[in-house]
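A.B. asks:
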Amino acid sequence: MDILDKIAQAVFDIKAYPDQDQIESVASALVTKHPCLQEPGSGTGYDGWKMSIKYKLGNYRSKLRQAGCNELSINRKRKSIEDVDTSPSLKKAKRGEINFVPDHPDNHNDDSMEEERLALLEESQKRSKDLVLIKEKMELTFSLRRKAIVEMEPMVTEVMERWPALFSEAEIRGEFHRITNKDLMDNFRAGLSQHTYRLLKLYRARRTAFPAEMGQLLNRHLTSHCIDKLLL
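The sequence shown begins at 744 in my numbering and counts up by one.
What follows is the structure in structure tokens.
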């Protein structure tokens, strides 16, 4: 594997579609760390490297797309339907999304995953549900669900119709963890702690605009937060 292959792989592991400034920063870092790679006669010393990295990334994405990489396939489809005079709007992971559009598990394709989805749907509609089986099927079909949601951008009602199991408390928390690798409630509590004082200030300033339960909740959380800080 030559140096450009290694760079393309390392960059792709972080971001599939780096912008020009990010590619330039990679080229600059390369010649800074390895001065022997600087290009004589180049103003920056890395202009040629910048172009080479850009084209190598394009080739690398093409190879992965042909191999069935979901994120690249989705963005390829979006690009093909965009007007040629406009820049395509790429589907990119938001901050914290570790598993944006994962590939299907080994030995599975869209057809076999759809069969699993139908089996999950059937189990979800039973009066006496097998919650263990539902959890297993939700884990298995995660890649199909993410591909459909990211690529098709369906309405919530459509998602509810195709994935009713997703709308239970357990599976909402499970899906959040599958996407971000974080616990939903821990994340929520951390965010609430960060904003508790401002929320209390807002509540006290506009008390009549909120139900009494809101004040009780915020006061309990503030008390608990203060006790935790004292114990640390």
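Heads up, the beta-carbon is just placed ideally off N, CA and C, and yes, glycines get one too.
#1: DSSP on Glu896, reduced to helix/strand/coil?
#2: Terminal residues of the continuous alpha helix (DSSP H) containing Val754?
#3: Here's the rule: buried if 16 or more other CB atoms are within 10 angstroms of the residue's CB, otherwise exposed. What is Met903?
#4: Going straight from the alpha carbon of Asp745 to that of His847, what length do you get?
#5: Do the CB positions of Ala908 and Glu882 come within less than 9 Å of each other?
#6: How is Gly917 classed by DSSP in three states: helix, strand or coil?
#7: In angstroms, rounded to a whole number, what distance separates the CA positions of Met895 and Glu901?
#8: I need the boundaries of the alpha helix (DSSP H) containing Phe931, first residue and last residue.
#9: If we call anything under 9 Å between Cβ atoms a contact, is Leu874 one with Asp853?
#10: If Arg804 sits next to Ala759, beta carbons under 8 Å apart, how far is it from one beta carbon to the other, in whole angstroms?
#11: Are the CB atoms of Met957 and Tyr940 nearer to each other than 9 Å?
#12: Beta-carbon within less than 6 Å of Leu927's beta-carbon, same chain only, minus the 5 sequence neighbours each way: which residues are those?
#13: In the DSSP assignment, find the alpha helix (DSSP H) that holds Gln763 and state where it starts and stops.
#14: Does DSSP classify Glu782 as helix, strand or coil?
C.D. replies: Per the coordinate set shown:
#1: coil
#2: Ile746 to Ile757
#3: exposed
#4: 29 Å
#5: no
#6: helix
#7: 11 Å
#8: Leu927 to Ala948
#9: no
#10: 7 Å
#11: no
#12: Arg916 and Phe919
#13: Gln763 to Lys776
#14: coil
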